[in-house]
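Worksheet: the structure to be examined is printed underneath.
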């Protein structure tokens, strides 16, 4: 078909209407015409002859030439289509160029369509104006999509970073878990060895005592057996001899040996070794197991902070390291939250500040802005005190006058009473108390400022005593 379409259009044109064939029929003389054109030519004529060669047709209803019809339809379709874009540029109904755009029906039309019944009263504009207007409209619609694509790409990048970070977190956490359990295993191994050593020592001592007791009994039994045999021998003597030795034999028969008794406490004190064994080991384990009331949440830490392996100490690092921008993380300031929030009751913790010159600490509500730069004040849901190179203040900007620089500060939260208090832990001197109404979960809040040229330690959450009450 492609090679056939390369022929001139004249080969596909009706000699009557001079247009491309529509429903072409072929006469016995091999000439073809549009079916409608042929009917019009034969109208009211007695002789049905070919309009070209005048040869009489053998059929009054010649058949449609299907092959030619298909070729003509393809040719008409191609003629209506822009070869560069593949778009139709001619009206499929009138074969006129599509030069107008109907604003009501939202479609290109030709000049004939404009005056037709369908589009007669519709507003129309030139195609080039419609193209310009629609391109501007589409550009406007495109901008939000482009912005959304930027957001999606940014989120995708964050997800990629998060996936890498998750793997790194899992590997590091697994390593720390094994390290901590190895400490416990080592403690239990040493404790097991020590307790077995005590058991072995008791076994050795009591076995030695029992050995000595058995040797003593063997000597007594041997002596007593000798005496019995001697007396039994005297009983066999003649009368005179028996009587002559009776006094001596009588004295020998008077046994002065005390009765032998088993020594009390000679057995292994099993109850001492096994009684409440796990509990006693756990009590001793408290010497190496420490409890910290606040554990820092690394998923909230800004990239300028570094945490200890046990998540109880935080310090400021040098260059910021790459971390995923997850929703929980602070991005602008070097801030971190505790991992557990409080929505009722009383809670307290102590913080070792050391010689760090700039810090902020207290509590913050869960919904605080973690990406922007908000003030650490109750107005934004943050109740804190701060130090800035020896100057102390609260979150309202009010100066706090302290008699001495606190090395350790105690934070006491009474959620139900709406109070947050700060004390110098050394002498429990009150530094400041907030009174407010809390409506959200509150988290321990820490923000670490720059130490400048001062060599400074991190901020350390203090450990609390582990106790067990047994009644």
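In the UniProt record's numbering, the protein residues as written are 1 to 471. C-beta atoms are modelled at their ideal positions from N, C-alpha and C, and glycine is treated no differently. Keep in mind the model is a prediction, meaning the values are calculated, not measured.
Item, Value
"Contact between the stretch 15-25 and the stretch 61-76: three or more CB pairs below 8 Å?", "yes"
"Could you spell out where the beta strand (DSSP E) holding residue 113 opens and where it closes?", "Not the beta strand (DSSP E): residue 113 falls in the alpha helix (DSSP H), residues 111-114."
"Express the C-alpha separation of residue 99 and residue 44 in angstroms, rounding to a whole number.", "40 Å"
"Report the three-state DSSP secondary structure of residue 94 (helix, strand or coil).", "coil"
"Comparing alpha-carbon positions, which option in 278, 349, 358 lies nearest residue 315?", "358"
"Between residue 415 and residue 343, what straight-line distance do the alpha-carbon atoms span, to the nearest angstrom?", "7 Å"
"Near residue 123, which residues of its chain fall below 6 Å by C-beta distance, leaving aside the five closest residues on each side in sequence?", "103"
"What's the C-alpha gap between residue 421 and residue 363?", "10 Å"
"Can you tell me whether DSSP reads residue 168 as helix, strand or coil?", "helix"
"For residue 266, is the classification buried or exposed, using 16 other Cβ atoms within 10 angstroms of its Cβ as the cut-off for buried?", "exposed"
"Does the beta-carbon of residue 2 have 16 or more other beta-carbons within 10 angstroms, so that it is buried, or is it exposed?", "With a pLDDT of 46 at residue 2, under the threshold of 50, the predicted position of this residue should be treated as unreliable, though the coordinate-derived value follows. By the neighbour-count rule (16 or more Cβ atoms within 10 Å), residue 2 is not buried but exposed."
"With C-beta atoms as the reference, is residue 298 less than 9 Å away from residue 176?", "no"
"Going along the chain, which residues of its own chain have a beta-carbon closer than 6 Å to the beta-carbon of residue 346, five neighbours each way excluded?", "414"
"Can at least three beta-carbon pairs, one atom from the stretch 272-284 and one from the stretch 188-195, be found at a separation below 8 Å?", "yes"
"Measure the CB-CB distance between residue 407 and residue 352 and report whether it falls below 9 Å.", "yes"
"Tell me residue 100's beta-bridge partners as DSSP assigns them.", "109, 126"
"In the DSSP assignment, find the beta strand (DSSP E) that holds residue 34 and state where it starts and stops.", "32-34"
"Of all the beta strand (DSSP E) runs that stay within the bounds of the stretch 314-369, which reach a length of 3 or more residues?", "335-337, 346-352, 358-365"
"In angstroms with no decimal places, state the Cα-to-Cα distance between residue 125 and residue 38.", "39 Å"
"Excluding the 5 residues flanking residue 4 on each side, which residues of the same chain have their C-beta closer than 6 Å to its C-beta?", "Because residue 4 carries a pLDDT of 49, less than 50, the predicted location of this residue cannot be relied on, and the following value inherits that uncertainty. 71."
"What residue range is occupied by the uninterrupted alpha helix (DSSP H) comprising residue 268?", "Element bounds for residue 268: n/a, residue is neither H nor E."
"DSSP beta-bridge partners for residue 26?", "32"
"Whole-angstrom Cβ separation of residue 382 and residue 392, contact assumed at under 8 Å?", "With a Cβ gap of about 16 Å, residue 382 and residue 392 do not count as contacting."
"What's the gap between the Cα of residue 189 and the Cα of residue 180?", "14 Å"
"With DSSP as the reference, label residue 380 as helix, strand or coil.", "helix"
"For residue 23, would you say it is in contact with chain C, using Cβ-to-Cβ distances shorter than 9 Å as the test?", "Within the model displayed, chain C is absent; a lone protein chain is all it includes."
"In or out: residue 336 buried (at least 16 other Cβ within 10 Å) or exposed?", "buried"
"Using the three-state DSSP reduction, which class does residue 287 fall into: helix, strand or coil?", "coil"
"Distance check for residue 75 and residue 12, CA to CA, integer angstroms please.", "8 Å"
"Sort 244, 241, 243, 269 by Cα distance to residue 205 and report the nearest one.", "269"
"Is residue 158 near residue 293, with beta carbons less than 9 Å apart?", "no"
"Classify residue 471: buried if its beta carbon has 16 or more other beta carbons within 10 angstroms, exposed otherwise.", "With a pLDDT of only 49 at residue 471, under 50, the local geometry of the prediction cannot be trusted, and no value is derived from it."
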